[in-house]
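J.: So for the sequence shown, our numbering puts the first residue at 10; every next one is plus one.
Each residue gets a CB set at the ideal place from its N, CA and C atoms; glycine is no exception.
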Amino acid sequence: MEKFELQHGSLALKRYKYSEIKKMTKSFNEKLGRGGYGSVYKGVLPDGSLVAVKVLVETDSNGEEFINEVASISRTSHVNIVNLLGFCNTRNKRAIVYEFMPNKSLDKFLINSNGSVDSTNCPLDLDKLYKIAIGVAKGLEYLHTGCNTSIVHFDIKPQNILLDEDFYPKISDFGLAKLFKNKQSIISMLGARGTIGYIAPEIFSRNFGRASHKSDVYSYGMMVLEMAGARKFDEIETTDQMSDNYFPDKLYEQVILDAKMKLGDLVIKEEEETSRKMFLIGFWCIQTSPSDRPSMSKVVEMLEGSLKSIQIPPKPFLFSPTVSGNGILSSLSTYDGEGLSTNGPI
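1. Exposed or buried, which one is Cys131 when buried takes at least 16 other CB atoms within 10 Å?
2. Are the CB atoms of Asp136 and Gln168 within a distance shorter than 9 Å?
3. For Lys26, which three-state DSSP category applies?
4. Around the Cβ of Asn77, are there at least 16 other Cβ atoms within 10 angstroms (buried) or fewer (exposed)?
5. Apart from the five residues just before and just after Ile143, which ones in its own chain have a Cβ nearer than 8 Å to its Cβ?
6. To which residues does DSSP link Ala104 through a beta bridge?
7. Given that a residue counts as buried once 16 or more other Cβ atoms are within 10 Å of its Cβ, and exposed if not, what is Pro299?
8. Assuming the contact rule is C-beta atoms closer than 8 Å, Val226 and Met305 should be a hit. Round their C-beta distance to whole Å, please.
9. Determine, using beta-carbon pairs with one atom in the region 206-218 and one in the region 177-191, whether at least three such pairs fall under 8 Å.
10. Reducing DSSP to helix, strand and coil, say where Tyr46 ends up.
11. Leaving out the 5 sequence neighbours to the left and right, which residues in its chain are closer than 6 Å to Glu42 when beta-carbon positions are compared?
12. Could you check if Lys271 is buried or exposed, using at least 16 other CB atoms within 10 Å of its CB as the buried criterion?
13. Determine the DSSP secondary structure at Thr158, reduced to helix, strand or coil.
14. Excluding the five sequence neighbours on either side, which residues of its own chain have a C-beta within less than 6 Å of the C-beta of Glu246, listed in chain order?
15. Sort Glu282, Tyr107 and Leu138 by Cα distance to Asp175 and report the nearest one.
16. How far does the alpha helix (DSSP H) with Ile212 in it extend, from its first residue to its last?
17. Starting from the C-beta of Val152, find all residues in its chain whose C-beta is less than 6 Å away, skip the five residues before and the five after it, and write them out in chain order.
18. Rounding to the nearest angstrom, what Cα-Cα distance links Tyr27 and Glu108 in this structure?
19. What is the rounded straight-line gap between the Cα of Gly95 and the Cα of Tyr25?
20. Gly52 bridges to which residues according to DSSP?
21. From Leu93 to Val106, what does the alpha carbon distance come to, in whole angstroms?
22. With a threshold of 6 Å on Cβ separation, who are the neighbours of Gly359 within its own chain once the five nearest residues in sequence on each side are excluded?
23. Going by DSSP, what residues sit across from Ser114 in a beta bridge?
24. Within 10 Å of its beta-carbon, does Leu260 have 16 or more other beta-carbons around it, so buried, or fewer, so exposed?
25. Does DSSP put Lys166 in a helix, in a strand, or in coil?
26. With DSSP as the reference, label Pro299 as helix, strand or coil.
27. Should Leu59 and Lys113 be called a contact, given that it needs their Cβ atoms to be closer than 9 Å?
28. Starting from Lys179, trace the beta strand (DSSP E) in both directions and tell me its first and last residue.
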């Protein structure tokens, strides 16, 4: 951590004492959420500004997740990336202070596998979801190509997309991020990182390719399919438990190849073009081979272009995700036995 601060001291981030963190959160009185690396609490700065404070649990000896997050976000300045306001690093007490996002995270507004949403929220309409998809795509495009040091997030999912008062999206939680030089397209890394259901196949096994910015494209594609209504589609089409080959095979056939887009109440006539575009782009993004996936710049172009300009994507193979209450879970139908971590770089 001392080495990091020497290297990045010019970033001039506000450094808080742990006592200040406790004071601004009123001794961690109001919890906003919990993730794999700690809990997030609501806080108030001395000037009255609301903030979100992530208090990290000690998951590794050198604080890699903490350093990743501070180093990554402190290098960014984009309307679709959450703003980092400061941090605390006192002995084994680590915390990160962000801007407060009143509408919390995207997952609270998406339809669950049982056809419901968070009891305190209503599902967002397709037009708002489409605008959120564009915002997230632009944020990822910036991370991949707009920074002096490019960043791969490695954990894109609805829980890590925060929404402001106008439901404008901001990418958050950079604990798994990797920084690399712009000319470097392949990332060396040990072990798998990410959330099951959104992890690209090359993260599981290098037989599928190497980890790169295209790994974020895959995660984004899975999220867009979920936003477009993959769970609702399953609820309408079948009451039986999904077979291993239901998704993406049946979803691909019924949604991509069927112009009628039989999604029940989810899609009405005027929304058909938007929903079809989201499904097309989602399937392009989850192609099994990283080289077959578009860049995020191309994704933005497709989102802002016409439906007619988007070609029908090939059906992805080897991956058989299923839908559950925790997201779209994935299982490899062809697996080389390497498991979630390897002895060498992926």
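T.: Result, derived from the coordinates:
1. As a position in the sequence shown, residue 131 is number 122, starting the count at 1. By the 10 Å Cβ count, Cys131 comes out exposed.
2. For the purposes of this step, residue 168 is identified with residue 159 of the sequence shown, where counting begins at 1. For the purposes of this step, residue 136 is identified with residue 127 of the sequence shown, where counting begins at 1. No, the Cβ-Cβ distance between Gln168 and Asp136 is not below 9 Å.
3. Stepping through the sequence shown from its first residue, residue 26 is reached at position 17. Lys26 falls in the coil class under three-state DSSP.
4. Here residue 77 corresponds to residue number 68 of the sequence shown, with the count starting at 1. By the 10 Å Cβ count, Asn77 comes out buried.
5. Residue mapping note: residue 143 aligns to position 134 of the sequence shown, counting from 1. Taken in chain order, the residues that qualify are Val309, Leu312 and Glu313.
6. For the purposes of this step, residue 104 is taken as the residue at position 95 of the sequence shown. Answer is Val64 and Cys97, bridged to Ala104.
7. To locate residue 299, count along the sequence shown from 1; it is residue 290. The residue is buried, with at least 16 neighbouring Cβ atoms inside 10 Å.
8. By 1-based counting over the sequence shown, the position of residue 226 is 217. By 1-based counting over the sequence shown, the position of residue 305 is 296. Yes, Val226 and Met305 are in contact; Cβ-Cβ is about 6 Å, under 8 Å.
9. no
10. Sequence index remark: in the sequence shown, residue 46 carries index 37 (1-based). Three-state DSSP puts Tyr46 in coil, outside helix and strand.
11. Numbered from its first residue, the sequence shown carries residue 42 at position 33. For the sequence presented, residue 42 should be read as Gly rather than Glu. Within the same chain, Gly42 has close Cβ partners Val49.
12. On the sequence shown, residue 271 is found 262 positions in, with the first residue counted as 1. Only weak support exists for where Lys271 lies, its pLDDT of 47 falling under 50; the coordinates are left without a value.
13. The count along the sequence shown starts at 1 and reaches residue 158 at position 149. Note: Thr158 maps to strand in three-state DSSP.
14. Here residue 246 corresponds to residue number 237 of the sequence shown, with the count starting at 1. Only weak support exists for where Glu246 lies, its pLDDT of 48 falling under 50; the value from the coordinates is given anyway. So the list is empty, once near-sequence residues are dropped.
15. Residue numbering aside, residue 175 sits at position 166 when the sequence shown is read from its first letter. Nearest option by C-alpha distance: Leu138.
16. What you label residue 212 is simply residue 203 of the sequence shown in a count that begins at 1. Per DSSP, Ile212 belongs to the alpha helix (DSSP H) from Pro210 to Phe213.
17. On the sequence shown, residue 152 is found 143 positions in, with the first residue counted as 1. Note on identity: in this sequence residue 152 is Leu, with Val being the wrong assignment. Cβ within range, chain order: Ile160.
18. The residue you call residue 27 lines up with position 18 of the sequence shown. The residue you call residue 108 lines up with position 99 of the sequence shown. Answer to the nearest angstrom: the Cα atoms are 18 Å apart.
19. Your numbering for residue 95 matches position 86 in the sequence shown. Your numbering for residue 25 matches position 16 in the sequence shown. Going by the C-alpha atoms only, they are around 7 Å apart.
20. Numbered from its first residue, the sequence shown carries residue 52 at position 43. Val60, per the DSSP bridge assignment.
21. Taking the first residue of the sequence shown as position 1, residue 93 is located at position 84. Taking the first residue of the sequence shown as position 1, residue 106 is located at position 97. Distance between the alpha carbons of Leu93 and Val106 is about 6 Å.
22. Look at the range of the chain in this structure, 10 to 355, and you will see that residue 359 is not part of it.
23. In the sequence shown, the residue the question calls residue 114 occupies position 105. DSSP lists Leu171 as partners of Ser114.
24. Looking up residue 260 in the sequence shown gives position 251. Leu260 should be labelled buried.
25. Here residue 166 is taken as the residue at index 157 of the sequence shown, counted from 1. Of the three classes helix, strand and coil, the one that applies to Lys166 here is coil, per DSSP.
26. Translated into positions along the sequence shown, residue 299 becomes position 290. The answer is helix: DSSP assigns Pro299 an H, G or I state.
27. As a first step, residue 59 is located in the sequence shown; it is residue number 50 there, counting from the start. As a first step, residue 113 is located in the sequence shown; it is residue number 104 there, counting from the start. Not a contact, by the Cβ cut-off of 9 Å.
28. By one-based count along the sequence shown, residue 179 stands at place 170. Its beta strand (DSSP E) spans residues Pro178 to Ile180.
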